[in-house]
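See below for the structure under consideration.
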């Protein structure tokens, strides 16, 4: 591509500066192409810009005034290209943003839907349960009711008992720990006493021997 551009520029203009600028431009273009993922559009842009450049050069050569330099045109072209590139980049960014946003939206929506569904299900379940309970109540006689009440009471009692048991267990554990600690302390004390006794005895013996 570079060689192509150089050749084209050389054929159109017999100056070195223009060719250099053109090559530089091509380099920038290539870089941009590498950066951007939309290669096809960049290619198209490149071709268009090239053609425009060539046309300008030709027109310039044919024009009468030879005093004016090609720098202005080149600058213009550069500006145009840069603008195009910027536009492309912006477009890409926008696209990406849009995609991301949509994805997020979809995700959130799905989540919300799921939550709603769950809630609905729960509600339905609750309703069903309530209905069932109502039906049962209606169907049952007084005795049955009493039985139910009894059962409920039993359940409650059981629960309470369990809780109490748990508490008791905890308390027991604590007590055990305390006891252990106490025992340890006593043992330590005993040991100390024993040591003291032994020492005292030894001392006494020593005294006797000395005497």
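Numbering (our numbering), first residue to last: 1138 to 1348.
Every residue, glycine too, gets a C-beta built ideally from N, C-alpha and C.
Note that this is a predicted model, so its numbers are computed, not measured.
Residue i versus residue j - alpha carbon distance
{"i": "residue 1251", "j": "residue 1235", "result": "24 Å"}
{"i": "residue 1239", "j": "residue 1248", "result": "14 Å"}
{"i": "residue 1303", "j": "residue 1296", "result": "11 Å"}
{"i": "residue 1241", "j": "residue 1264", "result": "34 Å"}
{"i": "residue 1310", "j": "residue 1301", "result": "14 Å"}
{"i": "residue 1325", "j": "residue 1319", "result": "10 Å"}
{"i": "residue 1314", "j": "residue 1327", "result": "20 Å"}
{"i": "residue 1338", "j": "residue 1316", "result": "33 Å"}
{"i": "residue 1341", "j": "residue 1330", "result": "16 Å"}
{"i": "residue 1322", "j": "residue 1262", "result": "60 Å"}
{"i": "residue 1221", "j": "residue 1237", "result": "24 Å"}
{"i": "residue 1257", "j": "residue 1294", "result": "34 Å"}
{"i": "residue 1291", "j": "residue 1253", "result": "37 Å"}
{"i": "residue 1308", "j": "residue 1299", "result": "14 Å"}
{"i": "residue 1332", "j": "residue 1312", "result": "30 Å"}
{"i": "residue 1344", "j": "residue 1306", "result": "56 Å"}
Query raised in the report: Can you list the alpha helix (DSSP H) stretches of 4 or more residues lying completely in the segment 1279-1343, in chain order?
Result: Runs of the alpha helix (DSSP H) inside the segment 1279-1343: none found.
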